[in-house]
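Heads up: the structure comes next, in structure tokens.
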Amino acid sequence: MNPEQTERDGDANRKGKSMRAVIQRVNGAKCVVNGEVTGEFTGPGLVVLLGVTHTDGDAQVEKMARKIANLRIFDAPGAYDAAGGSEKLSQARGAEASAVQLGLPVLLISQFTLYGDARKGNRPSWVAAAPGEVAQPLVDAVGAALQDQGMRVERGIFGADMKVSFTNDGPFTILLEV
């Protein structure tokens, strides 16, 4: 890879990784745009902040969706109380179940700022983030792939000023690159 390409695409391509996600185990989540709720769920589920770079395509979409759906970051079935909160029954053993196994929802939010690079100076550079015409179809495809795996997918609005609120459960947050 030439040095200009490496500089433009930042760490994503230097490490051989591309699509990025911050995956959070939550107890309820909501996205609001211009005062209107665009996606919401109560009880346990996932919030996924998804960033796309220039080199992403169908392979990253499928791999990311499989990882999100099958990450074993929840307690075993039956470990949730009536209010939806985790009783942490398996805390000592670690997480044992995935969102898809438990039939839990996901709030999917496009997040180009995951490719912000502030290594030089104090103003982040966004050159490693894919432009909207590239990123939006891929974010939509990840949502569709999650639905194909049986997940209920709630969404934000691509490119909008979103107000996202949730209660992080644990907290349990994972940075994933595929």
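Going by UniProt numbering, the sequence shown opens with residue 1, and the numbers climb by one from there. Every residue, glycine too, gets a C-beta built ideally from N, C-alpha and C.
- Give the C-beta separation of Leu108 and Ile174 to the nearest angstrom, bearing in mind that I take them to be a contact with Cβ-Cβ under 8 Å. Residue numbering aside, residue 108 sits at position 108 when the sequence shown is read from its first letter. Residue numbering aside, residue 174 sits at position 174 when the sequence shown is read from its first letter. A Cβ-Cβ separation of about 15 Å leaves Leu108 out of contact with Ile174 under the 8 Å criterion.
- CA nearest to the CA of Ala29, picked from Leu50, Pro171, Thr167, Ala69: Locating residue 29 in the sequence shown gives position 29, where the first residue counts as 1. When each option's Cα is compared against that of Ala29, the closest is Thr167.
- Task: Using three-state DSSP, classify Thr167 as helix, strand or coil.
- Result: Position 167 of the sequence shown, counted from the start, is the residue given in the question as residue 167. In this structure, Thr167 counts as strand in the three-state DSSP scheme.
- Item | Cβ contact (3+ pairs, closer than 8 Å) linking the region 55 to 66 and the region 152 to 172 | No: fewer than three Cβ pairs fall under 8 Å.
- Item | Whole-Å CB distance - Leu104 paired with Pro171, under 8 Å assumed | Residue numbering aside, residue 104 sits at position 104 when the sequence shown is read from its first letter. Residue numbering aside, residue 171 sits at position 171 when the sequence shown is read from its first letter. In fact, because the Cβ distance is near 17 Å, the residues do not count as touching under 8 Å.
- Message: Could you compute how far the alpha carbon of Met64 sits from the alpha carbon of Gly35?
- Response: Residue numbering aside, residue 64 sits at position 64 when the sequence shown is read from its first letter. Residue numbering aside, residue 35 sits at position 35 when the sequence shown is read from its first letter. Taken atom to atom, the span from the alpha-carbon of Met64 to that of Gly35 is near 30 Å.
- Query: When the distance is taken between beta carbons, is Arg20 closer than 8 Å to Glu133?
  - Reply: As a position in the sequence shown, residue 133 is number 133, starting the count at 1. As a position in the sequence shown, residue 20 is number 20, starting the count at 1. In this structure, the beta-carbon distance from Glu133 to Arg20 does not fall below 8 Å.
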